[in-house]
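Asker: Chains A and B supply the protein sequences, listed in that same order.
Quick note: the first sequence uses my numbering, first residue 355, plus one each step.
Quick note: the second sequence uses my numbering, first residue 3, plus one each step.
Just so you know, even glycine gets a beta-carbon here, dropped at the ideal spot from N, CA and C.
Let me begin by handing over the structure; questions about it come next.
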Amino acid sequence: MPKGSEPNSMIAIKNLKKVYNGITVVNVPEVRITKGESVGLVGNNGAGKTTLFRMILDLIRPETGQVLLRDEPVAGHENWKNYTASYLDEGFLIDYLTPEEYFYFIGGLHQQSPAHVDDYLSSLTDFFNGEILKKGKYIRDLSKGNQCKVGVASCLLQNPELLLLDEPFANIDPSTQFRLKSILKDLNQNKGVTTLISSHDLNHITDVCDRILLMEKGVIIKDIETNSSTLNELEEYFGVGQLASASSQVDREENH
Amino acid sequence: MTITFLRHELKAFWRSKNTGKSIAIRILMSLMILYLLAIVAYVGFNLDKILGSKLLKGDVVVSFSGIILLYFLADLFFRLLLQELPTLRVQPYLQLPIKRNLLVRYLAFTALLSVFNLWPFILFGPFIIKIIATDLGGLVALGFIVSLVGLTVFNNYLALYIKRKANLNGWIFLVAAAVTILIGLSDFLWHLISIRNFSYLFFGNLVKYPVLAIAPLLIGALMYYLNFSYLKDNLYLEELGSRRATKYKSSTDYPLLSRFGSVGDLAANEFKLIFRNKRSRSAFIMGLFIMFYGLIFYTNKEMNTEGYKVFVSMFMTGIFIINYGQFMFSWQASHFDGLLVSKVSFVDFLKAKYLMFTIISTFFLLLTTPYAYFGWKTLLIEIIMYLWNIGVNTTLVLFFANRNYKRIDLSRGAAFNWEGVGGNQWILSIPLLIAPFVIYGPFALFHKTDIGLALLAIIGLVFIFTRNFWIKKLEADFQTKRYTIAEGFRTK
Numbered sequence: 355m356p357k358g359s360e361p362n363s364m365i366a367i368k369n370l371k372k373v374y375n376g377i378t379v380v381n382v383p384e385v386r387i388t389k390g391e392s393v394g395l396v397g398n399n400g401a402g403k404t405t406l407f408r409m410i411l412d413l414i415r416p417e418t419g420q421v422l423l424r425d426e427p428v429a430g431h432e433n434w435k436n437y438t439a440s441y442l443d444e445g446f447l448i449d450y451l452t453p454e455e456y457f458y459f460i461g462g463l464h465q466q467s468p469a470h471v472d473d474y475l476s477s478l479t480d481f482f483n484g485e486i487l488k489k490g491k492y493i494r495d496l497s498k499g500n501q502c503k504v505g506v507a508s509c510l511l512q513n514p515e516l517l518l519l520d521e522p523f524a525n526i527d528p529s530t531q532f533r534l535k536s537i538l539k540d541l542n543q544n545k546g547v548t549t550l551i552s553s554h555d556l557n558h559i560t561d562v563c564d565r566i567l568l569m570e571k572g573v574i575i576k577d578i579e580t581n582s583s584t585l586n587e588l589e590e591y592f593g594v595g596q597l598a599s600a601s602s603q604v605d606r607e608e609n610h
Numbered sequence: 003m004t005i006t007f008l009r010h011e012l013k014a015f016w017r018s019k020n021t022g023k024s025i026a027i028r029i030l031m032s033l034m035i036l037y038l039l040a041i042v043a044y045v046g047f048n049l050d051k052i053l054g055s056k057l058l059k060g061d062v063v064v065s066f067s068g069i070i071l072l073y074f075l076a077d078l079f080f081r082l083l084l085q086e087l088p089t090l091r092v093q094p095y096l097q098l099p100i101k102r103n104l105l106v107r108y109l110a111f112t113a114l115l116s117v118f119n120l121w122p123f124i125l126f127g128p129f130i131i132k133i134i135a136t137d138l139g140g141l142v143a144l145g146f147i148v149s150l151v152g153l154t155v156f157n158n159y160l161a162l163y164i165k166r167k168a169n170l171n172g173w174i175f176l177v178a179a180a181v182t183i184l185i186g187l188s189d190f191l192w193h194l195i196s197i198r199n200f201s202y203l204f205f206g207n208l209v210k211y212p213v214l215a216i217a218p219l220l221i222g223a224l225m226y227y228l229n230f231s232y233l234k235d236n237l238y239l240e241e242l243g244s245r246r247a248t249k250y251k252s253s254t255d256y257p258l259l260s261r262f263g264s265v266g267d268l269a270a271n272e273f274k275l276i277f278r279n280k281r282s283r284s285a286f287i288m289g290l291f292i293m294f295y296g297l298i299f300y301t302n303k304e305m306n307t308e309g310y311k312v313f314v315s316m317f318m319t320g321i322f323i324i325n326y327g328q329f330m331f332s333w334q335a336s337h338f339d340g341l342l343v344s345k346v347s348f349v350d351f352l353k354a355k356y357l358m359f360t361i362i363s364t365f366f367l368l369l370t371t372p373y374a375y376f377g378w379k380t381l382l383i384e385i386i387m388y389l390w391n392i393g394v395n396t397t398l399v400l401f402f403a404n405r406n407y408k409r410i411d412l413s414r415g416a417a418f419n420w421e422g423v424g425g426n427q428w429i430l431s432i433p434l435l436i437a438p439f440v441i442y443g444p445f446a447l448f449h450k451t452d453i454g455l456a457l458l459a460i461i462g463l464v465f466i467f468t469r470n471f472w473i474k475k476l477e478a479d480f481q482t483k484r485y486t487i488a489e490g491f492r493t494k
């Protein structure tokens, strides 16, 4: 993997820091992700994963530092929106639209005709499992898992070069989890899409990603390439972490 | 346990974002409520004089007895429109080891804690004490009070019962509202029945036999019991909620808008937002009601002047811009992050807003054209104010939208909903309402109204033709505030 070579850089993070009420929630001096990598982001609740995602997507202004996508800062630029697709939470969905209307809208932004969108959606029939299309519901009336499917599908629809997903496995059923995994692998290996995915499910994340970033209290404490021992290594970290502070763990942001 | 419930209730009130964090708003709110209470109390204290002088020449007690049931009919109508169902709050207690009866009783009881139940006593209380107690004796006065209690309780639970039923079937609400209106009309318009006579029949006899006060108390108790048993049988989430039974939601598209490309798509989404969510829909429906302003003002000789026409026309063609625009971009708060990361340029986003406002204002302008009946000048003024609205007021509203960081929940109704209201809305209303008169006023003063009108039209047109310039300014302004706006919208 040609680390550090500028022309292939997809995500470059430099001196990134975010402080809330005097507490540093993200502090990443340097990370570089090259085109075609599949990166997993793991860490306990409050480790700063979602905040990091939001800074990559220019939704939060960092205290210091910057994020560059393809060597162009995200802040103040809009180019990155052309090749980046992301789904962090339901706040990304327009919930008073039907899923179809939402897909047509997103497709339209990328100059795709409704017919083209329909065509693409038909390839996701398995993934939707008959629960999304033509159900006569607005997105707000769907379950959390089905909303997640809509969000992920709208990402795929955009033919992105960079895909960011925050805990895509969290609310979906096991069958969909496996389908999503194979979709992600296919995107990365056959279409060269760079992926950055966070998850609490260590099995899934080590299965899908070639490289794992482990966050703790806003800092990336491990940056490892996935191999046969990675899962054990991670399980050890989280197991020990939980033994030490199991009683004080408060589940604040994610529902698990 | 009930105490614990009440304590939670108080916490919910004080800690809700709705209550408003800033003290200024709380003070303004309480001042407004006090003001309303004071008006009602003033009417209440002078009810004897009002009844004695204007309405009927006869005995004040007779006319007083006549209006009570009339009041309660109107009361029922407004309750149907405005009173909130106090139900969803029990959700977190349903699965806990708490007796169903206790929950239901608590629900039924807290339903009484509504301002609506205060009005009749403030309005009629003083009269009962001042006139009835002194003229007819304490026992009769007590009879009146007890009857008021009975009728208030009856109305309270009847309205809630209808609303609960309406949650399962929307037609019930329409039928109930229509029946209330029909009863009113058959008295005042068709003179088929006389509620006043009926009211006097009861309360007149109450003067003779105070025991009759038991009757309203009984129907009140009956209504309470009906509510209680209904609640107890239906203590399930989907039946308690304020969500209607869902029917098939079909996709729609607006072929006309799709010609505008991605701006049109964004505008189409906004139309869907307006018509598919309760609060935004009520902003639109309110606009339809404002269409009657013309009928009220133009038919009145004293108010049929040009100055009033400027005022009325501005409201009729621009009420939606004012009403909906003041909460811009909060309407999209729940998916603002999604908009920011998607391939939507903010310029298109703004253009879509202009397009949407222009379409809706044009729609309202078309609705007001029949007012040409009051002279072609009326129509001309309407058109001028329409130009002003889509030119100046849209830009003004969007300028303030960049300064609005409050999230709002679209699914809740607009009545008494203070969510998303901040200092912004108060400040915004000043230029919105005053600007046209600052320009028009001086000319009207020197009887050169035509010049004033022409100036309004010209300024409106200038703003319309320089839209792209304003869009650029607004975009640059937005870029400096986007993080604050997005963060504000993220905090629930």
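Is B/Phe331 a contact residue of the ligand MG, with contact defined as CB to any heavy atom under 7 Å?
Answerer: This structure lacks the ligand MG, and indeed carries no ligand of any kind.
Asker: Start and end of the beta strand (DSSP E) containing B/Ser413?
Answerer: No beta strand (DSSP E) contains B/Ser413, which DSSP labels as neither H nor E.
Asker: Which residues bound the alpha helix (DSSP H) around A/Lys491?
Answerer: Counting along the chain, A/Lys491 falls outside any alpha helix (DSSP H), and DSSP gives it neither H nor E.
Asker: Starting from the C-beta of B/Leu455, find all residues in its chain whose C-beta is less than 6 Å away, skip the five residues before and the five after it, and write them out in chain order.
Answerer: Ile386
Asker: Please check the pair B/Asn406 and B/Phe331, which I expect to be a contact at CB under 8 Å, by giving their CB distance rounded to whole angstroms.
Answerer: 7 Å
Asker: Give the single residue among B/Asn279, B/Ile134 and B/Met3 whose Cα lies nearest to the Cα of B/Leu208.
Answerer: B/Ile134
Asker: What residue from B/Lys303, B/Ile392, B/Thr364 and B/Ser431 has the CA that sits closest to B/Phe376's CA?
Answerer: When only C-alpha atoms are compared, the closest one is B/Lys303.
Asker: Quick check on B/His337 - is its C-beta less than 8 Å from some C-beta in chain A?
Answerer: yes
Asker: For a test of the three-state rule: what should DSSP assign to B/Asp452, helix, strand or coil?
Answerer: In the three-state reduction of the DSSP assignment, B/Asp452 falls in the helix class.
Asker: With three or more beta-carbon pairs closer than 8 Å as the criterion, would you say the segment 474–494 of chain B touches the segment 334–343 of chain B?
Answerer: yes
Asker: Which value, in whole angstroms, describes the spacing of the CA atoms of B/Arg246 and B/Met288?
Answerer: Because B/Arg246 carries a pLDDT of 49, less than 50, the predicted location of this residue cannot be relied on, and the following value inherits that uncertainty. Between B/Arg246 and B/Met288, the C-alpha separation is close to 21 Å.
Asker: Buried or exposed: B/Ile164, going by 16 or more other Cβ atoms within 10 Å of its Cβ?
Answerer: buried
Asker: Whole angstroms is fine: what's the gap from B/Thr301's alpha carbon to B/Ala374's?
Answerer: 13 Å
Asker: Could you run through the segment 541–556 of chain A and flag, in chain order, every residue whose CB is less than 9 Å away from some CB of chain B?
Answerer: none
Asker: Determine which residues of the segment 400–414 of chain A have a Cβ less than 9 Å from any Cβ of chain B, and write them out in chain order.
Answerer: Arg408, Leu411, Asp412, Leu413 and Ile414
Asker: Taking the runs of the alpha helix (DSSP H) that are 4 residues or longer, which of them lie wholly in the segment 342–381 of chain B?
Answerer: 348–370
Asker: I'd like to check one pair, B/Leu71 with B/Ile197: are the Cβ atoms closer than 8 Å?
Answerer: yes
Asker: Let me know the alpha helix (DSSP H) ranges lying completely inside the segment 205–264 of chain B, each 4 residues or longer, listed in chain order.
Answerer: 216–235, 239–242 and 257–260
Asker: With a cut-off of 8 Å on the beta carbons, I'd call B/Ala437 and B/Val394 a contact; round off their distance for me.
Answerer: Taking the Cβ atoms as the reference, B/Ala437 lies roughly 7 Å from B/Val394, within the contact range of under 8 Å.
Asker: On a CA-only basis, which of A/Pro427, A/Leu487 and A/Ser476 is nearest A/Leu314? Give me that one, please.
Answerer: Only positions 355 to 610 of chain A appear in this structure, which leaves residue 314 of chain A out of reach.
Asker: A/Leu585 to A/Val562, Cα distance in whole Å?
Answerer: 12 Å
Asker: Starting from A/Leu422 and walking both ways along the beta strand (DSSP E), at which residues does that stretch end?
Answerer: Thr418 to Leu423
Asker: Roughly how many angstroms lie between the CA atoms of B/Trp378 and B/Thr397, to the nearest whole one?
Answerer: 29 Å
Asker: Under the three-state reduction of DSSP, which class applies to A/Glu391: helix, strand or coil?
Answerer: coil
Asker: Check the Cβ-Cβ distances between B/Phe349 and every residue of chain A, and say whether any is below 8 Å.
Answerer: Note that residue 349 of chain B is Val in the sequence shown here, rather than Phe. Answer no: the Cβ-Cβ gap between B/Val349 and chain A never drops below 8 Å.
Asker: Judging by CA-CA distance, which residue of B/Ser363, B/Lys353 and B/Tyr388 is the nearest neighbour of B/Lys474?
Answerer: B/Lys353
Asker: Could you please tell me which residues of the segment 419–436 of chain A, in chain order, have their CB closer than 7 Å to any CB of chain B?
Answerer: Glu432, Lys435 and Asn436
Asker: Please name the residue or residues paired with B/Ile52 in a DSSP beta bridge.
Answerer: Paired residue(s): none; B/Ile52 is not in a bridge.
Asker: Tell me where the alpha helix (DSSP H) around B/Tyr310 begins and ends.
Answerer: Glu308 to Gly327
Asker: Below 8 Å between beta carbons: does that hold for A/Leu518 and A/Leu411?
Answerer: Annotated as proximal: A/Leu518 and A/Leu411, with beta-carbon spacing under 8 Å.
Asker: Helix, strand or coil: which one does DSSP assign to B/Asn279?
Answerer: coil
Asker: Using 8 Å for Cβ pairs, my map puts A/Asn525 next to A/Gly499. What's the rounded Cβ distance?
Answerer: 4 Å
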